[in-house]
Amino acid sequence: MTKDTESQDNALASQDSSSEQLYPSRVVLTTYPSQHGIEPIPLKWGAETAAERGPVLASRQPDSFGKRNAIGAGGGSYCIYRALAVAIGALGPNHRPDFRLTEPTNKIGPFPSWSDPSKIVSMDPWGHATVEHFSDYLEKGIDVRPTIAITKAHMKLAEIDEAIRNGQLRCDGDVVTEGGELKVVKVASEPVWYLPGVAERFGISEANLRRALFEDTGGMYPELITRPDLKVFLPPIGGLTVYIFGNPDYISDPTKRLTMRVHDECNGSDVFGSDICTCKPYLIYSIEECTREAQSGGVGVVVYFRKEGRALGEVTKYLVYNARKRQEGGDTAANYFKRTEFVAGVKDMRFQALMPDILHWLGVSRIDRFISMSNMKYEAIVNSGIEIVERISIPEDRMPADSKVEIEAKIADGYFTTGQVPTADALQSVKGRNWDEIAH
Ligand SMILES: [Zn+2]
258 MTKDTESQDN ALASQDSSSE QLYPSRVVLT TYPSQHGIEP IPLKWGAETA
308 AERGPVLASR QPDSFGKRNA IGAGGGSYCI YRALAVAIGA LGPNHRPDFR
358 LTEPTNKIGP FPSWSDPSKI VSMDPWGHAT VEHFSDYLEK GIDVRPTIAI
408 TKAHMKLAEI DEAIRNGQLR CDGDVVTEGG ELKVVKVASE PVWYLPGVAE
458 RFGISEANLR RALFEDTGGM YPELITRPDL KVFLPPIGGL TVYIFGNPDY
508 ISDPTKRLTM RVHDECNGSD VFGSDICTCK PYLIYSIEEC TREAQSGGVG
558 VVVYFRKEGR ALGEVTKYLV YNARKRQEGG DTAANYFKRT EFVAGVKDMR
608 FQALMPDILH WLGVSRIDRF ISMSNMKYEA IVNSGIEIVE RISIPEDRMP
658 ADSKVEIEAK IADGYFTTGQ VPTADALQSV KGRNWDEIAH
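Reminder that position 126 of the sequence shown reads as 383 in this note's numbering, one-by-one numbering, no gaps.
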């Protein structure tokens, strides 16, 4: 570090003398590979074993700082809340988690894909195994954190109760309890990006990726620029949850059938029942189908990604809703994607290229029934080497009337359907509810 930057750093720190109680007085704005005391723990992405691969370490705690081998902070988007907790004094900056009794409830893997650096680039395949494989680091005071957790639960849903009442689902005392609860194994995963692999997946250079991540996050992570030796980045974005219905061992067993849905978050529909799209009906239908698959000797998996509003976020989504309803001629399927592009510049930012990583982590080699119409999801999965036998779209009678605009526009854009692909004229006539009717 030069004298100039050091004095700037000290000036920053002295602006608020109270921060000295929490942190050393000198602020380290960034680090450099050749800097004194910087000796990252070796991290060999795609190595055969956890020990050979090494732990992912992003902590800036004193015993870990010089050994960090990852840029960013653990916890996905929640790292900001942790920072706030430290700032208000609710959490010490050097708090160390007590991991006793937190180990996974079910064993998943390891699979050959875990040591294939082209198959998994957006999560840490050993992220659940911190205590099992990296306890020697923890004992030495190195602040390694898990990025995956595996647990078990029962689920109780009104729609499932109704399906049981209607005779569409049965209680078997195993997959569905006598009380109508679904037994699930759940996996939560935070994003861990291996930057060379992510860049390759999108066909861009690592340098371009790192520069864009630096510039377009307001310069949040200078080490993306100053530490080309660090290849792993923990982005401050949402992660994913996997819901497994039936025996998790069957997911990687090619003699067992697998029903799967990959669902991207839509809070308005999934949780609050908004009827402008088909998200919740799809989610519920897939939970039912996964349950039936498990009851007939296979296994069902729902993967839920935190990619709200096609990863454009809810604010953009609502702006688009307004524009759709207000545009001349009303909300038609013909203008569905156009309005999103007017506001966001693109029609979709989910970029499904990273999505199949979780399927490879689960050991999936074939999906017998894939419950989705999305051509982007389908192509991403198939191109990653996983076979999809049958594509299942939502039954017509489960679609809310106002969601027809979305569905018909998607079919015309290439989404999977077993029915007719609408013509341009037909798209003009697929119209959603008049906006004024819902302004109450
Ligand atoms: Zn939706």
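Ideal Cβ positions, reconstructed from N, Cα and C, are used throughout, including at glycine.
Computed from a predicted model, the values in this text were never measured in an experiment.
Query	Result
How about T535: is its Cβ closer than 8 Å to a heavy atom in ligand 1?	yes
Got a sec? Which residues, its chain only, sit under 8 Å from D532 by beta carbon, not counting five neighbours each side?	S526, P657, A658, D659, S660
Spell out a yes or no on whether the stretch 506-513 and the stretch 543-557 are touching, meaning 3 or more CB-CB pairs, one atom from each, closer than 8 Å.	yes
DSSP three-state label for L576, please.	helix
Quick one: is the Cβ of D527 within less than 8 Å of any heavy atom of ligand 1?	yes
For L414, which three-state DSSP category applies?	coil
Would you kindly work out how many angstroms separate the C-alpha atoms of S291 and R402, rounded to a whole number?	26 Å
In chain order, what residues of the same chain lie with their CB nearer than 7 Å to the CB of G303, ignoring the 5 residues before and after it?	S372, D373, P374
For E546, count the other beta carbons within 10 Å of its own beta carbon; 16 or more makes it buried, fewer makes it exposed. Which is it?	buried
Going by DSSP, name the residue or residues bridged to V499.	V444, V560
Under 8 Å Cβ to Cβ from G311, same chain only, skipping five residues before and after it: list those, please.	I298, P299, L300, K301, A304, N326
If you draw a straight line from the C-alpha of A696 to the C-alpha of V678, how long is it?	Because the pLDDT of A696 is 46, which lies under 50, any placement of that residue in the model is unreliable, and the number read from its coordinates should be weighed accordingly. So the alpha carbons of these two residues sit roughly 32 Å apart.
Taking 8 Å as the line, does the beta carbon of C428 fall inside it for any heavy atom of ligand 1?	no
DSSP state of R468, grouped into three classes?	helix
Restricting to Cα atoms, I'd like to know which of L279, E647, S370, N504 is closest to N363.	N504
Whole angstroms is fine: what's the gap from T474's alpha carbon to F356's?	32 Å
Going by C-alpha to C-alpha distance, which of L616, T387, D418 sits closest to G436?	D418
Between S531 and ligand 1, is there a pair consisting of the residue's CB and a ligand heavy atom that are separated by less than 8 Å?	yes
Just how far apart, CA to CA, sit P492 and G424?	45 Å
Could you tell me how far apart the beta carbons of G366 and A445 are, in whole angstroms, since I believe they sit closer than 8 Å?	Contact doesn't hold; Cβ gap of about 16 Å is too wide.
Return the chain-ordered ranges of every alpha helix (DSSP H) run that is complete within the stretch 292-343 and spans a minimum of 4 residues.	307-310
From Y280 to S392, what does the alpha carbon distance come to, in whole angstroms?	26 Å
Alpha carbons only, please: which of I501, E296, F322, G530 is nearest the one belonging to V284?	F322
Restricting to Cα atoms, I'd like to know which of I345, Y635, Y335, S543 is closest to P448.	Y335
For the stretch 586-642, list the alpha helix (DSSP H) runs that are entirely contained and at least 4 residues long, ordered along the chain.	593-601, 613-618, 632-640
May I ask you to list the residues that DSSP assigns as paired with V772?	Residue 772 falls outside the range modelled here, since the chain spans only 258 to 697, and no answer is possible.
For Q685 versus A591, is the C-beta spacing smaller than 9 Å?	yes
Which class does Y542 belong to by DSSP, given the choice of helix, strand or coil?	helix
Is C523 near ligand 3, judged by its Cβ being under 8 Å from some heavy atom?	Annotation note on ligand 3: not contained in the displayed structure, which lists ligand 1 as its ligands.
How close, in whole Å, do the beta carbons of P361 and I407 come, if the pair is a contact with beta carbons under 8 Å?	4 Å
Can the beta-carbon of V499 be found closer than 9 Å to that of V560?	yes
For K440 and K413, I'd like the C-alpha separation in whole angstroms.	9 Å
Looking at the unbroken beta strand (DSSP E) that takes in T516, where does it start and where does it end?	515-521
In three-state DSSP terms, what is E647?	strand
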